[in-house]
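Undergrad:
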Amino acid sequence: MCAVKHPIAFPINKGFEIPSIPLVLIKIIQTLDADKSSAKELEELILHDPALSARILRLANSAFYCFRARVKTISHAITLLGMNLVTSLAIGINIFDTFTKGSKSEAAHINQLWTHSCGVAVLVKEIWSRRSRIEKEGEFAFLCGLLHDLGKVILFKTYPGHYSSIYAIAKTETDPSISSYESEYYGVDHAAIGEMLAKQWGFPSELVSLIRRHHDPLALSDPMVRAVTLSDMLAKEFKIGYDGDDGLYEDMSDFYLRLGVSEAEYEGLKEFASRERENIEGFFKFSS
Ligand SMILES: [Fe+2]
Ligand SMILES: [Fe+2]
C-alpha cells in the first residue's frame, strides 16, 4: 500500500498507557462547565503557565482579532474573547505543546496539524454562527474543530518516525485516506484513539462523540459532524496547514450539497476561508 513496512498493532489492548494529562489541563477542562467556574479561576490557571499566558496575549493582539486597544492582561483577553474561547485555546495550545515536547523530529508535522486544526476550528465556528446565535454553541464548535484530529498527535508520540512517514505520503484522490493507513498499520484509526484519550481525560461527552465519529459517513446526520466535515474539506482545499490527507477531496462538486449546504452558502464559506487563511496562519504563528 505504501513504502512503510510491517503493520504494527496499536497497543490498545496491551496495556497501552494513555499519556498523563497535565494538571493545569485537567483544571482548565473543568472550567468548560462554566456554571461551576468563573473567569477569575480561568485567569488564575492561565497565569500559572507563563508560556500559555504569553500566547493568549499575543493571540488577542494579533491581526486575527482587530481590537482597538492593546490587550495587556489575561483578564482583559477573557473579557474581549469570551471565557469559552479562551478556555478552548488554552486546551488546544496545552495539548499540542504536551505532544510536541520531546518529539523534535515530529515537530514540523505536529505544527502543520496544529495549523490545520486551528483552521478547522475557525471554519466550524463560522458555519455554526451562521446557524445559531447562541455564542456558547459557536465556541463549543470551535473546540470541536480544534480537537477533531486529536488521535493523530497520539500516533505521532506512540510511533515516532513511523507515523510521520505515513502522514507525509503525498496522497491523491485515488489513494486510501490516512485513516485507512492507520487501521492497516496499527489496527485502529485516529478517531478511535482520540476518543479513548478524550474519554480518559474527562472531556465533555459531546466532544468525545464528535472526535469518535468525525469520519463516520453514518454520523453525517449530526449537524456538528457535518460542520466539522465541511470545514475539514475547506481547510484542505485552501491548504490551511496539513492533516495527512490533502488531495483526497479534490472533487467536492456536490459533496457540500449532500451536507445540506446550499451553493450560495458554500461560495460564501469559500470566500471566508480564502480571506481568513492568512489570519489563520498568522494565528498559528502567534500561538506557536
Ligand atoms: Fe480526522
Ligand atoms: Fe482534519
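Be aware that the sequence shown starts at 0, since it is given in numbering that gives the first Met the number 0, and climbs by one per residue.
Even for Gly, the Cβ is constructed at its ideal location relative to N, Cα and C.
#1: Out of Phe202, Pro203, Arg211, Lys170, which one is the CA nearest neighbour of aspartate 188?
#2: What is the DSSP secondary structure of glycine 147, reduced to helix, strand or coil?
#3: CB histidine 108 to CB serine 182, shorter than 9 Å?
#4: Measuring alpha carbon to alpha carbon, tell me which residue in Phe202, Met195, Ala263, Ala167 is nearest leucine 245.
#5: Just to confirm the assignment, what range does the alpha helix (DSSP H) spanning isoleucine 27 have?
#6: Quick check on the DSSP output: the alpha helix (DSSP H) that includes tryptophan 200 runs from which residue to which?
#7: Mind checking whether the beta-carbon of alanine 272 lies closer than 8 Å to any heavy atom of ligand 2?
#8: Residues in its own chain within less than 7 Å of valine 119 by CB, not counting five upstream and five downstream?
#9: Given that a residue counts as buried once 16 or more other Cβ atoms are within 10 Å of its Cβ, and exposed if not, what is aspartate 96?
#10: Please output, in chain order, the residues near ligand 2 using a CB cut-off of less than 5 Å to any non-hydrogen atom of the ligand.
#11: Once you ignore the five residues that flank serine 128 on each side, which residues in its own chain have a CB closer than 6 Å to its CB?
#12: Between serine 178 and ligand 1, is there a pair consisting of the residue's CB and a ligand heavy atom that are separated by less than 8 Å?
#13: Would you kindly work out how many angstroms separate the C-alpha atoms of phenylalanine 237 and tryptophan 200, rounded to a whole number?
#14: Return the chain-ordered list of same chain residues with a C-beta closer than 7 Å to the C-beta of glutamate 105, the five sequence neighbours on each side being excluded.
#15: Less than 7 Å between C-beta atoms, sequence neighbours within five positions excluded: which residues of the same chain meet that for tyrosine 255?
TA: On the basis of the coordinates in this document:
#1: To locate residue 188, count along the sequence shown from 1; it is residue 189. When only C-alpha atoms are compared, the closest one is Arg211.
#2: The count along the sequence shown starts at 1 and reaches residue 147 at position 148. The sequence shown places histidine at residue 147, not glycine. Of the three classes helix, strand and coil, the one that applies to histidine 147 here is coil, per DSSP.
#3: In the sequence shown, the residue the question calls residue 108 occupies position 109. In the sequence shown, the residue the question calls residue 182 occupies position 183. No, they are not a contact pair.
#4: For the purposes of this step, residue 245 is taken as the residue at position 246 of the sequence shown. Note that residue 245 is aspartate in the sequence shown here, rather than leucine. If we check each option's Cα against that of aspartate 245, Ala167 comes out closest.
#5: As a working mapping, residue 27 is identified with position 28 in the sequence shown. Isoleucine 27 -> alpha helix (DSSP H) spans 22-29.
#6: Translated into positions along the sequence shown, residue 200 becomes position 201. Element bounds for tryptophan 200: n/a, residue is neither H nor E.
#7: Against the sequence shown, residue 272 aligns to sequence position 273. It does not: the Cβ of alanine 272 is nowhere closer than 8 Å to a heavy atom of ligand 2.
#8: By one-based count along the sequence shown, residue 119 stands at place 120. Excluding sequence neighbours, valine 119 sits near Gly144, His147, Val227, Ser230, Asp231, Ala234.
#9: Within the sequence shown, numbered from 1, the residue matching residue 96 stands at position 97. So aspartate 96 ends up on the buried side.
#10: Asp148, Asp231, Asp242
#11: As a working note, residue 128 is residue 129 in the sequence shown. For serine 128, where only same-chain residues beyond five positions count, the Cβ hits under 6 Å are Gly137.
#12: Taking the first residue of the sequence shown as position 1, residue 178 is located at position 179. Checking the Cβ of serine 178 against ligand 1 gives yes.
#13: For the purposes of this step, residue 237 is identified with residue 238 of the sequence shown, where counting begins at 1. For the purposes of this step, residue 200 is identified with residue 201 of the sequence shown, where counting begins at 1. If you take the alpha carbons of phenylalanine 237 and tryptophan 200, they lie about 32 Å apart.
#14: Here residue 105 corresponds to residue number 106 of the sequence shown, with the count starting at 1. Phe155, Pro159, Ser163.
#15: By one-based count along the sequence shown, residue 255 stands at place 256. Within the same chain, tyrosine 255 has close Cβ partners Leu229, Tyr265.
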